[in-house]
Structure formats: C-alpha cells, structure tokens
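Engineer:
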Amino acid sequence: MEEKTFQNRMKELRESTGLNRKEFCEQFDIPYRTVTEWELGHRNAPPYVFRFLEYYIRMQELMKEKGVEKIVSEEGAENERQ
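Each residue of the sequence shown is one higher than the last, beginning at 1 in UniProt numbering.
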C-alpha cells in the first residue's frame, strides 16, 4: 500500500474535523496561506505541529464521545462540564 503524502494526511486531518480551510485556520490560529501551502504540498508543517493537531483533534473527539463539553467563560478561562 502506498504511503500517504504529508499534503494528503494534512487535508484528511482537516476534513475529519468537519471544518473548511478558513474555519480550521481560525480554530487553530494558523494563517490561511500556511494551511493552503501544506495541503498543496508547497510546504510541510514541522512534524510536531502535525502531531499536536492530530492529538488535539482526537482528544476533542474522545471528549465528545464521553459527553464532556469544553466551556469557555466570559473571562476566557476554559472549564469542562459533563
């Protein structure tokens, strides 16, 4: 089986969130042009960035499965509620 390229893995990761490119960039505070260049194969993200995104997205999925919501208060502090 052929190994996936970074650009394919990056695009699949973004699509797994259900976010379009603009929304993904806003969610993770990554410049739109940067994500575009990653997905088009013009540049690769540092490996730690990709691993962090994978980890964060997976943890959000697990929290949803467990019924844990992330709550952001008016002060900006994050709290978790079940």
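Don't be surprised by glycine CBs; every beta carbon is placed ideally from N, CA and C.
Fair warning: this is a prediction, and the values are worked out from it, not measured in the lab.
If I follow the unbroken alpha helix (DSSP H) through residue 83, where does it start and stop?
Structural biologist: Lying outside 1 to 82, the shown extent of the chain, residue 83 is not represented and no answer is given.
Engineer: Secondary structure at M1, three-state DSSP: helix, strand or coil?
Structural biologist: Position 1 of the sequence shown holds residue 1. With a pLDDT of 49 at M1, under the threshold of 50, the modelled position of this residue cannot be trusted; read the value that follows with caution. Three-state result, M1: coil.
Engineer: Label E39 either buried or exposed according to how many other C-beta atoms from any shown protein chain fall within 10 Å of its C-beta, with 16 as the threshold for buried.
Structural biologist: Within the sequence shown, numbered from 1, the residue matching residue 39 stands at position 39. Label assigned to E39: buried.
Engineer: Which class does T17 belong to by DSSP, given the choice of helix, strand or coil?
Structural biologist: Your numbering for residue 17 matches position 17 in the sequence shown. In this structure, T17 counts as coil in the three-state DSSP scheme.
Engineer: State the DSSP-derived secondary structure class of N44, mapped to helix, strand or coil.
Structural biologist: Your numbering for residue 44 matches position 44 in the sequence shown. In this structure, N44 counts as coil in the three-state DSSP scheme.
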